[in-house]
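Trainee: Chains as they are written, first to last, in this note's numbering: chain A, 191 to 433; chain B, 191 to 433. For reference, the structure I am asking about is given below.
Number of protein chains: 2
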Amino acid sequence: MTYCVGLRLKKGLVFMSDTRTNAGVDNVSVFRKMASWENPGERVVTLLTAGNLATTQSVISLLDERTKAPAERSPSILEVPTMFQVARLVGDSLKDVIQNNADTGQTADSSFNATVIVGGQIATSEPTLFMVYPEGNFIESSCDTPFFQIGETKYGKPILVRAYDQEMDFGDAVKLLMVSFDSTIKANLSVGLPLDLQIYDKDSLRISYQKRIDSDNEYYQLISNGWGQALKEAFLSLPDYTL
Amino acid sequence: MTYCVGLRLKKGLVFMSDTRTNAGVDNVSVFRKMASWENPGERVVTLLTAGNLATTQSVISLLDERTKAPAERSPSILEVPTMFQVARLVGDSLKDVIQNNADTGQTADSSFNATVIVGGQIATSEPTLFMVYPEGNFIESSCDTPFFQIGETKYGKPILVRAYDQEMDFGDAVKLLMVSFDSTIKANLSVGLPLDLQIYDKDSLRISYQKRIDSDNEYYQLISNGWGQALKEAFLSLPDYTL
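Structural data, given as structure tokens:
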């Protein structure tokens, strides 16, 4: 499993992903699930991936190869003019990789599946987020649904739903994501540290901030320990049920 | 889907279940998922069920029939001497019902599956909780795992893990369950009001308290609205991330 979140704020975009991959509980590894391409001053595109690791690595390699071989006829995500077309490219690559593997005789065709969050900004258009499905189609974030989660989404959703605010600043957004990830990590062995964090400041057209957060990270420890206590106090502040 | 929780406390047992059943999103009904048998002064047994409704109703009817026809050779849950044997009876009934339906030619044998939480106290033995699987086998609660959830368990788990305390009194326990159910109801359409609540006071050997909580319930509304606010304040109380 995996847990990745992309948040769209008034101030820009915030991405966080875990790094645990597993085939069963006895085969656990660390892999980065966040990939970025930038052409500073012109565009930034960030991908978060969940699902079959061979599929997601293939998709990222394919997209990456195209950016490095501009002579090839197929367009690259550093060239297409809109984020919508970036999402389409990602969707097409994803669908192709899944179908290529499914054709080899494997019957459980869902086992090669993957889901992708892609976000970024190109030139003067607004920053945006898309969620791309294994079938290659995708949806765009909106005011009503300003964030996307993929992977093990359930444990960390209640706090996102309650505390997200599109006006929040990046410091608050990172805090929110840390709480959401910590709740998930505490509940599901298939989501694990370290975490990758990336922040995109609207209209900067370059990656604004990147950080790998491991178990030694002081802020993560502060949140992980402090949230339990804060939650208990919140719970105690509510009136008791009278039988 | 469904959401049911059974809590084991020092003071006794607390059970809560939702009442929504659905076949797709366009076929929604209200059914009670909590069943109890008592022989006041001697034993109380309570069942919470999740899964295929035809299966769970069948299991409850079978168990109930046996208590009313004591002439039958098979033992009833009002007669067996221990909670362990109650769990075995429930497991056997569950396995039989699932297998009988699966034999009719339906290939998706998992579609008749169901899971059951059974708890109670018999005479001088300790009150206890079991979780019974579709295969008929079961596990018993312990100090390390003092509560069981079935159905849509993920959204409501983080608060249970953080705020549960075996020393808590019944008022606190009901508050905890309300928060856990409210988080789930807000996130998943297949879990819905009204809720059924039952409390068993240790060594009383009778059902101590029963209540159906619907959307008009003042305490539920207080928790549902108050928890969002309390959670936001808890979130604000933590230090911000410094970029």
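Cβ coordinates follow ideal geometry from the N, Cα and C atoms, glycine included.
Confirm the yes/no value for this check: CB of Asp286 of chain B, any heavy atom of the ligand NAD, distance under 7 Å.
Mentor: The model depicted lacks the ligand NAD and carries no ligand whatsoever.
Trainee: State yes or no: is the C-beta of Leu385 of chain B within less than 8 Å of the C-beta of Ser207 of chain B?
Mentor: By 1-based counting over the second sequence, the position of residue 385 of chain B is 195. By 1-based counting over the second sequence, the position of residue 207 of chain B is 17. Cβ atoms of Leu385 of chain B and Ser207 of chain B: closer than 8 Å.
Trainee: For Asp362 of chain A, which residues in chain B fall below 9 Å Cβ to Cβ?
Mentor: Your numbering for residue 362 of chain A matches position 172 in the first sequence. Correct list: Phe425, Leu426, Asp430 and Tyr431.
Trainee: Counting only Cβ pairs nearer than 7 Å, list the residues of chain A close to Gly416 of chain B.
Mentor: The residue you call residue 416 of chain B lines up with position 226 of the second sequence. Going along chain A in sequence order, the residues near Gly416 of chain B (Cβ under 7 Å) are Leu428.
Trainee: Against Tyr409 of chain A, what residues of chain B qualify as contacts under a CB-to-CB distance less than 7 Å, listed in chain order?
Mentor: On the first sequence, residue 409 of chain A is found 219 positions in, with the first residue counted as 1. In chain order: Tyr431.
Trainee: Could you give the first and the last residue of the continuous beta strand (DSSP E) run that contains Asn212 of chain B?
Mentor: Taking the first residue of the second sequence as 1, we reach residue 212 of chain B at position 22. Its beta strand (DSSP E) spans residues Arg210 to Asn212.
Trainee: Rounded to the nearest angstrom, what separates Gln275 of chain B and Gly310 of chain B at their Cα positions?
Mentor: Within the second sequence, the letter at position 85 stands for residue 275 of chain B. Within the second sequence, the letter at position 120 stands for residue 310 of chain B. Cα-Cα distance, rounded: 12 Å.
Trainee: Kindly indicate if chain B contains any beta-carbon less than 8 Å away from that of Val381 of chain A.
Mentor: Reading the first sequence from its first residue, position 191 is the one you call residue 381 of chain A. Judged by the 8 Å Cβ criterion, Val381 of chain A is not in contact with chain B.
Trainee: To the nearest angstrom, how far is it from the Cα of Arg198 of chain B to the Cα of Leu319 of chain B?
Mentor: Numbered from 1 along the second sequence, position 8 holds the residue referred to as residue 198 of chain B. Numbered from 1 along the second sequence, position 129 holds the residue referred to as residue 319 of chain B. Going from the Cα of Arg198 of chain B to the Cα of Leu319 of chain B covers about 7 Å.
Trainee: In this structure, how does DSSP classify Asp299 of chain B when only helix, strand and coil are distinguished?
Mentor: Taking the second sequence and counting its residues from 1, the one referred to as residue 299 of chain B is at position 109. Since pLDDT at Asp299 of chain B reaches only 45, below the 50 mark, its modelled position is unreliable, and the value read off the structure follows with that caveat. The answer is helix: DSSP assigns Asp299 of chain B an H, G or I state.
Trainee: Kindly indicate the opening and closing residues of the beta strand (DSSP E) around Tyr193 of chain A.
Mentor: Counted from its first residue, the first sequence places residue 193 of chain A at position 3. Segment Tyr193 to Leu199, the beta strand (DSSP E) holding Tyr193 of chain A.
Trainee: So what's Leu238 of chain B in DSSP terms, helix, strand or just coil?
Mentor: Walking along the second sequence from the start, residue 238 of chain B turns up at place 48. Strand.
Trainee: Taking C-beta pairs closer than 9 Å, name the residues in chain B that Ile413 of chain A reaches, listed in chain order.
Mentor: Reading the first sequence from its first residue, position 223 is the one you call residue 413 of chain A. Those within 9 Å of Ile413 of chain A in chain B are Leu428, Pro429 and Tyr431.
Trainee: If distances are taken between C-alpha atoms only, which option among B:Glu423, B:Ala277, B:Thr272 and B:Asn242 comes closest to Val287 of chain B?
Mentor: The count along the second sequence starts at 1 and reaches residue 287 of chain B at position 97. Selected option, being the one with the closest Cα: B:Asn242.
Trainee: Is there a C-beta anywhere in chain A that falls below 8 Å from the one on Ser207 of chain B?
Mentor: Here residue 207 of chain B refers to the residue found at position 17 when the second sequence is read from its first residue. For Ser207 of chain B, the answer is no, since every Cβ of chain A falls outside 8 Å of its Cβ.
Trainee: Between the region 350-358 of chain B and the region 312-326 of chain B, are three or more C-beta pairs nearer than 8 Å?
Mentor: Touching, no.
Trainee: Would you verify that the beta carbon of Val369 of chain B is, or is not, closer than 8 Å to some beta carbon of chain A?
Mentor: Reading the second sequence from its first residue, position 179 is the one you call residue 369 of chain B. Taking Cβ atoms only, chain A reaches closer than 8 Å to Val369 of chain B, which makes this a yes.
Trainee: I'd like to know if the region 317-334 of chain B and the region 407-425 of chain A are in contact, where contact means that at least 3 CB-CB pairs between them fall below 8 Å.
Mentor: As far as the Cβ criterion goes, the region 317-334 of chain B does not touch the region 407-425 of chain A, which means the pair count is below three.
Trainee: If the cut is a Cβ gap below 9 Å, which residues of chain B does Ala240 of chain A touch?
Mentor: By one-based count along the first sequence, residue 240 of chain A stands at place 50. Neighbours of Ala240 of chain A on chain B: none; closest Cβ ~16 Å, over 9 Å.
Trainee: Is there a Cβ from chain A that is less than 8 Å from the Cβ of Pro336 of chain B?
Mentor: Reading the second sequence from its first residue, position 146 is the one you call residue 336 of chain B. False, the Cβ-Cβ gap to chain A never drops below 8 Å.
Trainee: Where does Leu387 of chain B sit, in a helix, a strand or coil, going by DSSP?
Mentor: Within the second sequence, residue 387 of chain B is the residue found at index 197, counting from 1. Strand at Leu387 of chain B.
Trainee: Here's a check: name, in chain order, each residue in its chain whose Cβ is nearer than 8 Å to the Cβ of Val381 of chain B, leaving out the five neighbours to either side.
Mentor: Against the second sequence, residue 381 of chain B aligns to sequence position 191. Met191, Thr192, Tyr193, Asp208, Arg210, Gly341, Glu342, Phe371, Thr374 and Ile375, listed in sequence order.
Trainee: Report the rounded CA-to-CA distance for Val369 of chain B versus Pro348 of chain B, giving the unit in angstroms.
Mentor: Indexing the second sequence from 1 puts residue 369 of chain B at position 179. Indexing the second sequence from 1 puts residue 348 of chain B at position 158. Roughly 11 Å separates the two Cα atoms.
Trainee: In chain B, which residues lie with their C-beta within 9 Å of the C-beta of Gly365 of chain A?
Mentor: Counting from 1 along the first sequence, the entry for residue 365 of chain A is found at position 175. Reading off the sequence shown, one finds Lys at residue 365 of chain A, where the question assumed Gly. Simply Phe425, Leu428, Pro429, Asp430 and Tyr431.
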